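**Student:**
4 protein chains.
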Amino acid sequence: MSGNTFGKLFTVTSFGESHGPALGAIVDGCPPGLPITEADLQLDLDRRKPGQSRYTTQRREDDQVRILSGVFEGKTTGTAIGLMIENTDQRSKDYANIKDTYRPAHADYTYDQKYGFRDYRGGGRSSARETAMRVAAGAIAKKYLATVEGIEVVGYLSQLGPIEMAPVDLSIVNDNAFFCPDPTKLPELEAYMQALIKEGNSVGAKVTVVARGVKPGLGEPIFDRLDAELAHALMSINAVKGVEIGDGFASVAQKGTEHRDEMTPEGFLSNHAGGILGGISTGQDIIAHLALKPTSSLRLPGRSIDRNGNAISVETKGRHDPCVGIRATPIAEAMMAIVLMDHYLRHRGQNHGVIPPLPPIGNR
Amino acid sequence: MSGNTFGKLFTVTSFGESHGPALGAIVDGCPPGLPITEADLQLDLDRRKPGQSRYTTQRREDDQVRILSGVFEGKTTGTAIGLMIENTDQRSKDYANIKDTYRPAHADYTYDQKYGFRDYRGGGRSSARETAMRVAAGAIAKKYLATVEGIEVVGYLSQLGPIEMAPVDLSIVNDNAFFCPDPTKLPELEAYMQALIKEGNSVGAKVTVVARGVKPGLGEPIFDRLDAELAHALMSINAVKGVEIGDGFASVAQKGTEHRDEMTPEGFLSNHAGGILGGISTGQDIIAHLALKPTSSLRLPGRSIDRNGNAISVETKGRHDPCVGIRATPIAEAMMAIVLMDHYLRHRGQNHGVIPPLPPIGNR
Amino acid sequence: MSGNTFGKLFTVTSFGESHGPALGAIVDGCPPGLPITEADLQLDLDRRKPGQSRYTTQRREDDQVRILSGVFEGKTTGTAIGLMIENTDQRSKDYANIKDTYRPAHADYTYDQKYGFRDYRGGGRSSARETAMRVAAGAIAKKYLATVEGIEVVGYLSQLGPIEMAPVDLSIVNDNAFFCPDPTKLPELEAYMQALIKEGNSVGAKVTVVARGVKPGLGEPIFDRLDAELAHALMSINAVKGVEIGDGFASVAQKGTEHRDEMTPEGFLSNHAGGILGGISTGQDIIAHLALKPTSSLRLPGRSIDRNGNAISVETKGRHDPCVGIRATPIAEAMMAIVLMDHYLRHRGQNHGVIPPLPPIGNR
Amino acid sequence: MSGNTFGKLFTVTSFGESHGPALGAIVDGCPPGLPITEADLQLDLDRRKPGQSRYTTQRREDDQVRILSGVFEGKTTGTAIGLMIENTDQRSKDYANIKDTYRPAHADYTYDQKYGFRDYRGGGRSSARETAMRVAAGAIAKKYLATVEGIEVVGYLSQLGPIEMAPVDLSIVNDNAFFCPDPTKLPELEAYMQALIKEGNSVGAKVTVVARGVKPGLGEPIFDRLDAELAHALMSINAVKGVEIGDGFASVAQKGTEHRDEMTPEGFLSNHAGGILGGISTGQDIIAHLALKPTSSLRLPGRSIDRNGNAISVETKGRHDPCVGIRATPIAEAMMAIVLMDHYLRHRGQNHGVIPPLPPIGNR
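In order, the protein sequences belong to chains A, B, C and D.
So the first sequence is residues 1 to 364, counted in the UniProt record's numbering.
So the second sequence is residues 1 to 364, counted in the UniProt record's numbering.
So the third sequence is residues 1 to 364, counted in the UniProt record's numbering.
So the fourth sequence is residues 1 to 364, counted in the UniProt record's numbering.
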């Protein structure tokens, strides 16, 4: 696997810089016969698009995805699916001043260290726009999982800065610009964001993604455990600094009697494990949390250096996100779906035929 | 990559159950000419061995590793290195009663769901003993990184249950059974553990692993980012429920002005990022934290079911860890070293020859 | 690796059907700083294009390739390079009659068996047009090898039906429509082809590809030996039924004293091995031969069945190649280049740093 | 995939030099529940062992294989299977004189070029003994294919030097030391070999391997086509210089009307394709041929150089094969089985569930 390919049987390979001619991806391994259209993909892409609210970036991204292969008469053929989004909003003049400067906490410095030079326009390959292709690819996986396996993948904002959401109602998550599941917190979130914009600062967020209806038995010991691959997929999203499965870091202070999920003939009594034990799914909801760092582009100036090592001050003008976490939700859903689909195919390939599987116990 | 192979140029493939004849691994891709001996590997294995203190398990594991290939006249040949540890301590009678029972929070249930049946003795493939091979493989990587690249990888216990360690002194980490860097906490840790053993319970832990001297530029956008691969490697360790890079989940509540690591001509002014930006190393210390759940084997009984779905009560007798976190430290070091070595080789393969790299700035 | 990705460090992933909207590929792992333009790629694509002579297909393929990412200010950035060719010549009416028929010796039957249904238009994914993307990707590899490593990759027609070419002059290979290196055979080839077209039949061909200037030491025992990967790459070209390295099948009847390439301080005395020993390059010319079967689309009717199993007769009208071998030459060059580039990067990644390599002996 | 791992779902990773402590392999991805014993593997290993006749090498290899993991109560568990063969016959004194010499047509020179130094004893990693592990791994695949899918894999000698075998009777292949299917040729083969031994020379061979009962639809366009992966697997065997599928190089001179395999409702009318079309299996017998070069170790002296570039004369004493082809047969069977098993698992993983497959037509 190169740095641009993810997965083993269901794979996603992507390309594209934020200010190059286009973004694209090749999605391979989707079984034949799945109904899929550009509209299916566009739905999830539009959820991700900036401009959904006055808090997210005002950069307009049209993000119209084209399916270039692998679909015939409305169904997948089983061959590779090529996807492409032409870049239409490339206001390079916003970025000319940063050609030789390193914006603090951006990948500018590290990209130059790695490659010797870089496409400086808008973050190039390190830009968050690259994630549009992941969302498009993830939409294919979500459709397969829903259609063929009856699985639902839902993400939501569980914390913004200091404000914690109680996941009261997943059904309202797509009805507000925050992907917030707790209607009582909306006014507080709006007020907090206003203050942030006025200050010129940003804040971090925590996003939670849940998969329901996953059968037990997915995951490949030892290194391709389901939790390890989820961690890989989610940590690969821009701005992610931490991943938890189930109780995550809360497990550190828990006693064994608190943490363990006891079993009865009716099902599990709790889900501290987050649906994964020994790296393999239990049949319960798979629950993962991501920590997203605050946006690196601020109006407030910061100290940095230029390409020649001179001290400079950097402030970013133009249009940016005060909180990237708001947009990470559909991307986290997409990555969860991509990993699950890969594991469904692998499991079917490797565990079938010689002995019949056991019936699973109930799931609470 | 199958479930048992990790890495791309420097790869580790392993096999072995806790009660089968042997554990083994094939380590491939180590460049030729590196001096390596069985003693080098045994050193790290002995750090991992239970019996180092009265708090860890009393199961005796001899863990004598043999090098079966890939080393000639004391140096690596560049071909595959076969490693093996014969299993000498296999007191199967400790496990006969669990043949058809599922211990809560163990992988028993999930393994049966995945495979239809399982080697029930002592956790089989899901046992923590499998990690002995990772430590052996990691010792090769650590030696290479130290010898050829001047890199040091150090792990330590940063939290046990509610007790937080200030990382006062990394130099004492290997002088106590806890891998604790804070000498003032040792009495408190001992007292806490005594109480736990008396109660028959267990508790979780947090382990931190640091890599020093890593050059900037490692990591492959988009999916093989260094942080994503570290997350994969660390989450694949038994009992891990969360992984953070740098400030991790603390980033959620941070403002942008707090989180960003500003740069001056003398170097970075802070390291909230944990040494990785945009998925690529910055040249600063790489800092990762792992959350380890409390041991699943308890004297205190828990509710579970047997293979036929009947309700049962399970308590584990015999010899077990009250806190697996104490032993995860050398395993986390090993995985960090394995990932870094793979990336050093990949970086050298892919970024050389056409243009010279930039000199890095200082590191604080 | 999925079915659509080739290589380990330098990878090519492709998509596209002959009658879908577009063909594309993602080329990843090219080091940064290599000068590359669309014109570089178009040069090799034009060599492949039908219509170069009155003997090859009269289907017009515009094959204008676009570079969509990974190149900035005329040089590779080190990130993934997206390539695309829009399909402009899609005369579907040529194919409507074969919707439910299986053309003998085409992949129609096997694709239906694999997927359950297929894009029947013009061979869909099995079409030879897919190879356009390989030629485009190979052009990047050829440029890197030539520019950075001083390697030349040349292919030519060594046999057409019963007519054998003596490789008199590689310098004229690109001056005729046959990629023929033997000017004395051109009239005979033309006459033979005329007769074939008149008959409505086709014939096979043998193509040879040579790489000059390859350094010794490339190839990874045991499974990624250079010859094994070349065999994989070349056999993956449509219509290839055999691959030889060096003397190939002539080795069967050779004595040991005949076959072995003796060495002197001035260099090797022969090259029966074709430049590869023990799976590793020797520094001599790497020589590979491909056997190409006769074109499967004939005006002469053949017996077949339709989708429902009924006996039918099939004859292909429209515009087709009487000898596909004529066009395989640039594709074979491309695949040779792709494999060599991948191995250069891997070799550099894995064999550097601890001990210096030996100086190679001369090459005759 | 490293150089030592083959396959995608069913993988084989190996290690071991001919004069190191042991050879070993890790076979991963075999579904659970398959009955397998050390005796199953030993059967195929014994077929491969030298000493079977007075024509093959007199080196005694005990080759007793141990199964170290992945099998419980006589059946595979689905986890990784570790295999090991201890090296018992290591008469290093046979090799002391070649420490600094390069034997012509051996991998000595290329290994030194690649790694800078090498384990000179008996060919080290390049030795044919490494293939013992492939045979052991292949035995697992053969058992699965036979037991679960009803597939038979048979190899035989089809040509030795100038002597061609008509494949009269596959049932006698294992009754003679040549794997010869043509009883009328046995006296001629014996006489030819006697003359060869007396002369101190060697000769090449052609081996054919056939798989019967393979279902249609295996193979992954574009790069993991079944024929391409077979070519890779077979070319990776020591001494192989060419691979053909079906009519192979005979296709070069064939007309389209001769080569195509017409179809009727009762089945295919011929099998020039060798069971693979468009890279996908047709359901017919899969037929592959390998060209093996003459043994490189001869009593007849040859010119070579030593490590310092001085001209020397080399003759090999000790015990060697006058024709390695005689032993390649079980290895070719093993590699064919390994590739087919990998593809069975991948096909099942990727082409199931959404639409039902078509029933295959008959096979002649």
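Ideal placement from N, C-alpha and C gives every residue a C-beta, glycine not left out.
The structure displayed is predicted, hence computed values, not measured ones.
Please check if any C-beta of chain C sits within less than 8 Å of the C-beta of residue 192(D).
**Tutor:** No, residue 192(D) does not count as interfacial toward chain C.
**Student:** Judging by CA-CA distance, which residue of 245(A), 190(A), 217(A), 82(A) is the nearest neighbour of residue 280(A)?
**Tutor:** Looking at the Cα atoms, 217(A) is the closest of the given residues.
**Student:** Just the Cα atoms here: how many angstroms apart are residue 309(D) and residue 282(C)?
**Tutor:** Taking the straight line from one Cα to the other gives about 15 Å.
**Student:** Give me the Cα-Cα distance between residue 17(D) and residue 139(D), rounded to the nearest whole angstrom.
**Tutor:** Whole-angstrom Cα-Cα distance: 21 Å.
**Student:** From this set, 323(B), 349(B), 335(B), 87(B), which residue's C-alpha is nearest residue 162(B)'s C-alpha?
**Tutor:** Of the listed residues, the one whose Cα sits closest to residue 162(B) is 323(B).
**Student:** Kindly provide the ranges of any beta strand (DSSP E) runs that are 3 or more residues long and lie completely inside the stretch 295-324 of chain C, ordered along the chain.
**Tutor:** Segments of the beta strand (DSSP E) lying fully in the stretch 295-324 of chain C: 302-305, 311-314.
**Student:** Provide the residue(s) that pair with residue 289(C) in DSSP beta bridges, ordered along the chain.
**Tutor:** In the DSSP output, where bridge partners are listed per residue, residue 289(C) has 208(C), 244(C).
**Student:** My output table needs one value for residue 224(D): the three-state DSSP class, helix, strand or coil.
**Tutor:** The answer is strand: DSSP assigns residue 224(D) an E or B state.
**Student:** Grab me the residues of residue 66(D)'s own chain with a C-beta within less than 6 Å of its C-beta, minus the 5 sequence neighbours each way, in chain order.
**Tutor:** Only 84 meet the Cβ criterion.
**Student:** For the beta strand (DSSP E) that residue 43(B) lies in, which residues bound it at each end?
**Tutor:** From DSSP, residue 43(B) is part of no beta strand (DSSP E) but of the alpha helix (DSSP H) over 38-48.
**Student:** I'd like to know whether the C-beta of residue 22(A) is nearer than 8 Å to at least one C-beta of chain C.
**Tutor:** Closer than 8 Å: yes.
**Student:** Can you name the residues of chain A whose CB is closer than 9 Å to the CB of residue 351(D)?
**Tutor:** Near residue 351(D) (Cβ distances below 9 Å), the residues of chain A are 31, 32, 78.
**Student:** Under DSSP, the alpha helix (DSSP H) around residue 196(D) begins and ends at which residues?
**Tutor:** Element bounds for residue 196(D): 186-199.
**Student:** Quick one: which chain A residues come within Cβ less than 8 Å of residue 346(D)?
**Tutor:** Here the neighbours are 9, 349.
**Student:** Determine whether the Cβ of residue 74(D) lies closer than 8 Å to any Cβ atom of chain C.
**Tutor:** Not an interface residue.
**Student:** If distances are taken between C-alpha atoms only, which option among 336(D), 69(D), 35(D) comes closest to residue 286(D)?
**Tutor:** Answer by Cα proximity: 336(D).
**Student:** Which partner residues does residue 367(C) have in the DSSP bridge list?
**Tutor:** What is shown of chain C runs 1 to 364, which leaves residue 367(C) out entirely.
**Student:** Does the CB of residue 69(C) have a neighbour CB from chain A at under 8 Å?
**Tutor:** For residue 69(C), the answer is yes, since a Cβ of chain A falls inside 8 Å of its Cβ.
**Student:** Mapping the DSSP letters down to three states, classify residue 203(A) as helix, strand or coil.
**Tutor:** In the structure shown, residue 203(A) sits in a strand (DSSP, three-state: E or B).
**Student:** Report the residues of the stretch 217-237 of chain B with a CB closer than 7 Å to any CB of chain C, ordered along the chain.
**Tutor:** Those residues of the stretch 217-237 of chain B that come within reach of chain C (Cβ to Cβ, closer than 7 Å) are 221.
**Student:** Going by alpha carbons, who is nearest to residue 184(C) out of 274(C), 276(C), 164(C)?
**Tutor:** It is 164(C) whose Cα lies nearest to the Cα of residue 184(C).
**Student:** Where does residue 387(B) sit, in a helix, a strand or coil, going by DSSP?
**Tutor:** Examination of residue 387(B) is not possible in this model, given that chain B is present from 1 through 364 alone.
**Student:** In angstroms with no decimal places, state the Cα-to-Cα distance between residue 51(B) and residue 331(A).
**Tutor:** Unreliable placement is indicated for residue 51(B), whose pLDDT of 49 sits below 50; the coordinate value is still reported in the next sentence. Using only the alpha carbons, I get a separation of about 46 Å.
**Student:** Which whole-angstrom value is the C-beta distance of residue 304(C) and residue 103(C), which I expect to be below 8 Å?
**Tutor:** Indeed they touch by this definition, with Cβ atoms about 7 Å apart.
**Student:** With DSSP run on the structure shown, which of helix, strand or coil describes residue 28(C)?
**Tutor:** Correct three-state label for residue 28(C): strand.
**Student:** Please state the DSSP three-state secondary structure of residue 35(C).
**Tutor:** Strand.
**Student:** Does any C-beta atom of chain C lie closer than 8 Å to the C-beta of residue 115(A)?
**Tutor:** Chain C contact via Cβ: present.
**Student:** I need the straight-line Cα distance from residue 9(B) to residue 174(A), nearest angstrom please.
**Tutor:** Distance between the alpha carbons of residue 9(B) and residue 174(A) is about 43 Å.
**Student:** Can you find a C-beta in chain A that's less than 8 Å from the C-beta of residue 95(C)?
**Tutor:** Residue placement at residue 95(C) is poorly supported in this model, since its pLDDT is 49, which falls under 50; the coordinates still yield a value, given next. Residue 95(C) does not count as touching chain A.
**Student:** Out of 158(C), 307(C), 242(C), 258(C), which has the shortest C-alpha to C-alpha gap to residue 263(D)?
**Tutor:** Comparing Cα-Cα distances from residue 263(D) to each of 158(C), 307(C), 242(C), 258(C), the minimum goes to 307(C).
**Student:** I want to see whether chain A comes within less than 8 Å of residue 82(C), judged by CB atoms only; does it?
**Tutor:** With 8 Å as the cut-off, residue 82(C) counts as an interface residue toward chain A.
**Student:** Across which residues does DSSP place residue 159(A) in a beta bridge pair?
**Tutor:** Beta-bridge pairing links residue 159(A) to 164(A), 206(A).
**Student:** Can you confirm whether the stretch 219-232 of chain B touches the stretch 263-276 of chain A when touching is taken to mean that 3 or more C-beta pairs between the two stretches lie within less than 8 Å?
**Tutor:** No: the two stretches stay apart, fewer than three of their Cβ pairs being nearer than 8 Å.
**Student:** Please report the distance separating the alpha-carbon of residue 4(A) from that of residue 43(A).
**Tutor:** Cα to Cα, the separation comes out at about 24 Å.
**Student:** Does the distance from the C-beta atom of residue 294(D) to that of residue 349(D) stay below 8 Å?
**Tutor:** No, they are not a contact pair.
**Student:** Given that residue 6(B) touches chain A, what residues does it touch there, using C-beta distances under 9 Å?
**Tutor:** The answer, in chain order, is 222, 223, 224.
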